[in-house]
Amino acid sequence: MKPLSDEDLIARLHAEEVPEPSPLFWEHLSQRVHDAVAAEPIPSRRWFTGLNAVWAGGAVAAIAVVLIGVSLSVRRQPVDTGSAGSAAMTQTVATDAGAGVSLPALDDDVSFAVMEELASEIDFEEAGAAGLMVSPGAAEDAVTGMSGEDQRALVELLQQEIKNSKSL
Amino acid sequence: MAINFSRVLSNTVRPDWTLKVVQPKAEAAASDPALAELDEGQLVAACLAGRREAFDLIVERHRRSVYLLCYRFVGNHEDASDLSQDVFVRAYKGLQRFRGQSSLGTWIYRIGVNVCLNRVSAKRPATEPIDARPHLDQHAVDPAAELLKGERASQVREAISQLPRKQRATVILRVYHELSHEEIAGILGSSVGAVKANFFHALANLKRLLK
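Following this line, the structure appears as structure tokens:
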């Protein structure tokens, strides 16, 4: 038997027609759907569907920056040399630093890798336009707005951080 | 003999009831001129704002294509009718997920295909029972030709029902709904290449089944 060509096959498929239902059926179907839908709650947009990509990206960026900041500040917390118990800790840190294993490398840190990946997808221009980035000069403005006592405390903190970074 | 109707009518007792033609609610909403002017995006927005009657218009615009799609999958009126209702109810419940990235028709097709594929995988489609088919008219031009046509149609439905799910959906959407490969890819969540391959394999399988 001669095999069907594509054209013959499609023509044969087209020949199979759906029987036309009664004209009344369409209104009946609409009414059935109407009644079924009336029993359903009105669908509404969820709150998060209103967020656009810029705001979502900005929010992720803000969270990433905060988490990275917290992570780094915890790692570089200056050791309180005033207490007796911390002296041993200082010695341990110094020993570890000498051995070259004071802190795990950031590349090996899973949480840092996650944050790095999240931050890499963020368009910082859009985040800046959304007001989520620090504007140029904001740090200077913040420092000049401090009281003299706060400024001295800030200087001490910065000096301590510089010392810590040199010791690492 | 002439009858004086005016006299007859004047002598009749006035009924104590009135005849009132009630328009079905769905039909009434669909004929609302303010709604009828809205495009699909605006109708969806109206539904989400709480105007259920806007959905009646969406149903009216798409009921035929949805019914035909369902019929192609299940092969009988009763199941196609039930599935059509299911498709629209699911569409209503998921309306907040319609983003307008495709046309509303394509989005409803996607729901329809999913509903039908789930149905046919759960239950082998029942084709139209013999007594539900149109009665053969003995006075038709050629009853034998009509009978042959019916048998061939039955063979085609049976062959399509034996295709794997994606191939069946592809053939139905491509041949009977004349959608493009791109539209079918969007509906089935496949690549255009996969749709073309499915269509090619479907035709090959159909040739084998219908030879």
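First to last, the protein sequences are chains A and B. In my numbering, each number is its position in the first sequence, counted from 1, plus 33. In my numbering, each number is its position in the second sequence, counted from 1, plus 708. The C-beta atom is built at its ideal place from N, Cα and C for all residues, glycine as well. If you're wondering where the values come from, they're calculated on a predicted model, not measured in any experiment.
In or out: residue i buried (at least 16 other Cβ within 10 Å) or exposed?
i	result
LEU856/B	exposed
LEU105/A	exposed
GLU53/A	exposed
PRO76/A	buried
GLU768/B	buried
VAL202/A	Within the shown structure, residues of chain A are numbered from 34 to 201, placing residue 202/A beyond reach of any answer.
ASP764/B	buried
LEU914/B	buried
ILE816/B	buried
SER899/B	exposed
LYS874/B	buried
ARG807/B	exposed
LEU896/B	buried
LEU190/A	exposed
ILE171/A	Reading off the sequence shown, one finds Ala at residue 171/A, where the question assumed Ile. Under this definition ALA171/A is an exposed residue.
VAL188/A	exposed
ARG772/B	exposed
Taking the straight line between their C-alpha atoms, what separation do you get for residue i and residue j?
i	j	result
GLU890/B	PHE907/B	13 Å
ALA120/A	GLY91/A	Legend: pLDDT at ALA120/A = 49, less than 50; position of this residue unreliable, no value from coordinates given.
GLY894/B	LYS904/B	13 Å
ILE766/B	LEU751/B	7 Å
ILE43/A	VAL823/B	25 Å
ARG805/B	GLU748/B	14 Å
GLY178/A	VAL103/A	24 Å
SER829/B	GLU149/A	44 Å
CYS755/B	VAL99/A	41 Å
GLU73/A	ARG818/B	21 Å
ALA186/A	ILE195/A	14 Å
ALA762/B	ALA910/B	39 Å
LYS199/A	GLU173/A	25 Å
ARG780/B	ARG865/B	8 Å
ALA852/B	VAL883/B	27 Å
ALA867/B	ALA912/B	12 Å
GLU40/A	ASN826/B	31 Å
LEU746/B	PRO36/A	50 Å
SER144/A	SER811/B	41 Å
ILE8/A	LEU803/B	A question about residue 8/A goes unanswered here, because the residues of chain A that appear run from 34 up to 201.
VAL774/B	ASP850/B	33 Å
ALA146/A	ALA95/A	16 Å
LEU62/A	ALA71/A	14 Å
SER869/B	VAL782/B	8 Å
GLY901/B	LYS919/B	27 Å
LYS801/B	HIS885/B	25 Å
HIS743/B	ILE892/B	His is not the amino acid found at residue 743/B; the sequence shown has Leu there. Straight-line Cα distance between these residues: approximately 30 Å.
LEU917/B	SER38/A	13 Å
ASP68/A	THR814/B	24 Å
GLN193/A	ALA97/A	26 Å
What does residue i reach in chain C if we use C-beta pairs closer than 7 Å?
i	result
ARG185/A	Absent from the structure: chain C. Protein chains present are A and B.
Tell me whether the segment 42 to 52 of chain A and the segment 859 to 867 of chain B touch, counting them as touching only if at least three CB pairs, one residue from each stretch, are closer than 8 Å.
yes
If contact means a Cβ-Cβ distance below 8 Å, which residues of the segment 36 to 61 of chain A contact chain B?
PRO36, LEU37, ASP39, LEU42, ILE43, ARG45, LEU46, HIS47, ALA48, GLU49, GLU50, VAL51, PRO52, PRO54, PHE58, TRP59 and GLU60
Are the segment 877 to 896 of chain B and the segment 792 to 803 of chain B in contact at 8 Å, needing three or more beta carbon pairs?
no
Cβ contact check for the segment 784 to 795 of chain B and the segment 54 to 63 of chain A: 3 or more pairs under 8 Å:
yes
Which of the residues in the segment 869 to 881 of chain B, read from start to end, lie with their CB under 9 Å from any CB of chain A?
VAL879
Which full runs of the beta strand (DSSP E) of 3+ residues lie inside the segment 841 to 898 of chain B, going along the chain?
none
For a minimum of 3 consecutive residues, which ranges assigned as the beta strand (DSSP E) are wholly contained in the segment 767 to 820 of chain B?
none
What residues from the segment 795 to 813 of chain B come within 7 Å of chain A, judged by C-beta to C-beta, listed N to C?
PHE796, VAL797, TYR800, LYS801, LEU803 and GLN804
Residues of the segment 749 to 764 of chain B in Cβ contact with chain A at a cutoff of 8 Å, in chain order, please.
CYS755, LEU756, GLY758, ARG760, PHE763 and ASP764
Chain A contacts from the segment 779 to 795 of chain B (Cβ-Cβ distance under 8 Å)
TYR779, ARG780, HIS785, SER789, SER792 and GLN793
Against chain B: residues of the segment 61 to 77 of chain A by CB proximity under 7 Å:
LEU62, SER63, GLN64, ARG65, VAL66, HIS67, ALA69, VAL70, ALA71, GLU73, ILE75, PRO76 and SER77
Please list the residues of the segment 897 to 919 of chain B that have a C-beta atom closer than 8 Å to any C-beta atom in chain A, keeping them in chain order.
LEU911, LEU914, LYS915, LEU918 and LYS919
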